[in-house]
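This note's numbering puts the first residue of the sequence shown at 134, with every later residue one more than the last.
Ideal Cβ positions, reconstructed from N, Cα and C, are used throughout, including at glycine.
Take a look at the structure below.
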Amino acid sequence: MIVAQNFRNLHGEMLCGKNLNIIFGENGQGKTNWLEAIYLLATTKSFKTARLQEAIKFNEELAIVRGSVERSAEISRTLQVAIEGSTKSLSVNNKKETVQRFLGQLHAVIFNSDELEIVRGNPEARRKFLDGGIVSIYPPFVQTLTDYNRVIRQKNSLLQSSQDNGFSIEKTAELLEPWNEQLILHATRIHKARLRFVERLNEVLEKKLFDREEISIRYASSLEGKGDLDDYANLLAERLKLRVQAE
């Protein structure tokens, strides 16, 4: 069961079956909003907007989405996401939790017309799709992504500062070295996680979805063709070294 209060135009509950569920109705009745609510419980995010406050019903200050997840007859959890202004609070069985501990309770993948960007769009869309899948089965991966993005921001800030102060290439390279070491560490972890996820996805495709056809997914790194990808860290280090010299 899922309950929504002041979430978009929703205010009520929806009972879900154990197997296939089909949501149907007239335009504007909230079919997509229910899907968004389910996705919110699974990922703490919306697939429609990056600003969750936009999902709060007009003239209301608080929106709540709550759902019961049953893994077995013995394991049942109640998940809740409360949105108030630009903040959100998460709880499992009425106990407040961090994002990392909240994730993984409910698995969900959204596929709509926008997701065609995975195929025809830029690589960023494909990386985002892979990372979302990894997080759904391994929530601690969120921290790896957070650390990686933090290092990227710090490095970019340092590059801008070096340029503003007219530092030499040698001085800039010296300042960047510890950040590049951190970048290589996190990027290598992300790369390996994506490879493992694609391998696992291929197994599912072959055994459960396309057992009569041959289909596979391959993760192609931007460093492919530059050497042995098993030595990804060294390849990335060499690229970063060349990039500093160019900058």
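Subject >> alanine 188 and phenylalanine 140 closer than 8 Å at C-beta >> reply: Locating residue 188 in the sequence shown gives position 55, where the first residue counts as 1. Locating residue 140 in the sequence shown gives position 7, where the first residue counts as 1. Their beta carbons are under 8 Å apart, which means alanine 188 touches phenylalanine 140 by this criterion.
**OP:** Measure the Cβ-Cβ separation of leucine 397 and tryptophan 167 and say whether it is below 8 Å.
**Re:** A question about residue 397 goes unanswered here, because the residues of the chain that appear run from 134 up to 380.
Original post:
Does the stretch 279-294 come close enough to the stretch 332-342 that 3 or more CB-CB pairs lie under 8 Å?
Top reply: Taking one beta carbon from each stretch, the stretch 332-342 and the stretch 279-294 have fewer than 3 pairs nearer than 8 Å; the two do not touch.
**OP:** In the DSSP assignment, find the alpha helix (DSSP H) that holds leucine 328 and state where it starts and stops.
**Re:** Within the sequence shown, the letter at position 195 stands for residue 328. Segment 302-337, the alpha helix (DSSP H) holding leucine 328.
Original post:
Would tyrosine 172 be called buried (16 or more neighbouring beta carbons within 10 Å of its own) or exposed?
Top reply: Taking the sequence shown and counting its residues from 1, the one referred to as residue 172 is at position 39. Buried, by the Cβ-count rule.
Original post:
With respect to the alpha helix (DSSP H) encompassing glutamate 250, which residues constitute its N-terminal and C-terminal limits?
Top reply: Reading the sequence shown from its first residue, position 117 is the one you call residue 250. First-last of the alpha helix (DSSP H) with glutamate 250: 250-253.
Original post:
If you follow the beta strand (DSSP E) that glycine 145 is part of, which residue opens it and which one closes it?
Top reply: Indexing the sequence shown from 1 puts residue 145 at position 12. Note, glycine 145: beta strand (DSSP E), 143-147.
**OP:** Per DSSP, which residues does alanine 137 bridge with? Please list them.
**Re:** Counting from one through the sequence shown, the residue named residue 137 turns up at place 4. BP columns for alanine 137 point to Gly145 and Val198.
Original post:
In three-state DSSP terms, what is glutamate 230?
Top reply: Position 97 of the sequence shown holds residue 230. In the structure shown, glutamate 230 sits in coil (DSSP, three-state: anything other than H, G, I, E or B).
Subject >> 6 Å Cβ shell around glutamate 169 - same chain, five flanking residues per side excluded >> reply: Counting from one through the sequence shown, the residue named residue 169 turns up at place 36. Ser179 and Lys181.
Subject >> Inter-residue Cα distance where the pair is glutamate 307 and phenylalanine 191 >> reply: Reading the sequence shown from its first residue, position 174 is the one you call residue 307. Reading the sequence shown from its first residue, position 58 is the one you call residue 191. Looking at the two C-alpha atoms, the distance is approximately 53 Å.
**OP:** Select from Thr176, Met134 and Ile323 the residue whose C-alpha is nearest the C-alpha of glutamate 146.
**Re:** Taking the sequence shown and counting its residues from 1, one reaches residue 146 at position 13. In terms of CA proximity to glutamate 146, Met134 leads the group Thr176, Met134 and Ile323.
**OP:** Under the assumption that phenylalanine 235 contacts threonine 177 (Cβ atoms under 8 Å), give the Cβ distance between them as a whole number of angstroms.
**Re:** For the purposes of this step, residue 235 is taken as the residue at position 102 of the sequence shown. For the purposes of this step, residue 177 is taken as the residue at position 44 of the sequence shown. The Cβ separation is near 6 Å, so the contact holds.
Original post:
Would glutamine 293 be called buried (16 or more neighbouring beta carbons within 10 Å of its own) or exposed?
Top reply: Within the sequence shown, the letter at position 160 stands for residue 293. Glutamine 293 counts as exposed, since fewer than 16 other C-beta atoms from the protein chains shown sit within 10 angstroms of its C-beta.
Original post:
Beta-carbon separation of leucine 185 and lysine 221 under 8 Å?
Top reply: Taking the sequence shown and counting its residues from 1, the one referred to as residue 185 is at position 52. Taking the sequence shown and counting its residues from 1, the one referred to as residue 221 is at position 88. Result yes, Cβ atoms of leucine 185 and lysine 221 sit closer than 8 Å.
**OP:** Check the C-beta distance from alanine 258 over to isoleucine 251 and give it rounded, since I have them as a contact under 8 Å.
**Re:** Taking the sequence shown and counting its residues from 1, the one referred to as residue 258 is at position 125. Taking the sequence shown and counting its residues from 1, the one referred to as residue 251 is at position 118. About 5 Å separates the two Cβ atoms, so the contact holds.
**OP:** Select from Gln138, Ser349 and Phe300 the residue whose C-alpha is nearest the C-alpha of glutamate 217.
**Re:** Within the sequence shown, residue 217 is the residue found at index 84, counting from 1. Of the listed residues, the one whose Cα sits closest to glutamate 217 is Gln138.
Original post:
Three-state secondary structure (DSSP) at glutamine 238?
Top reply: Mapped onto the sequence shown, residue 238 falls at position 105. Reduced to three states, the DSSP call for glutamine 238 is coil.
Subject >> Three-way DSSP call (helix, strand, coil) for arginine 372 in this model >> reply: Along the sequence shown, one-based indexing puts residue 372 at 239. Helix at arginine 372.
Original post:
If you draw a straight line from the alpha carbon of isoleucine 155 to that of aspartate 264, how long is it in whole angstroms?
Top reply: Against the sequence shown, residue 155 aligns to sequence position 22. Against the sequence shown, residue 264 aligns to sequence position 131. Those two C-alpha atoms are separated by around 27 Å.
Original post:
On the premise that leucine 318 lies in contact with lysine 288, defined as a C-beta separation below 8 Å, what is that separation, rounded to the nearest angstrom?
Top reply: Residue mapping note: residue 288 aligns to position 155 of the sequence shown, counting from 1. Residue mapping note: residue 318 aligns to position 185 of the sequence shown, counting from 1. Rounded, the Cβ-Cβ distance is 13 Å, inconsistent with contact.
Original post:
Roughly how far, in whole angstroms, is the beta-carbon of valine 225 from the beta-carbon of arginine 210, given that I think they are within contact range, below 8 Å?
Top reply: By 1-based counting over the sequence shown, the position of residue 225 is 92. By 1-based counting over the sequence shown, the position of residue 210 is 77. That pair is a contact at about 6 Å.
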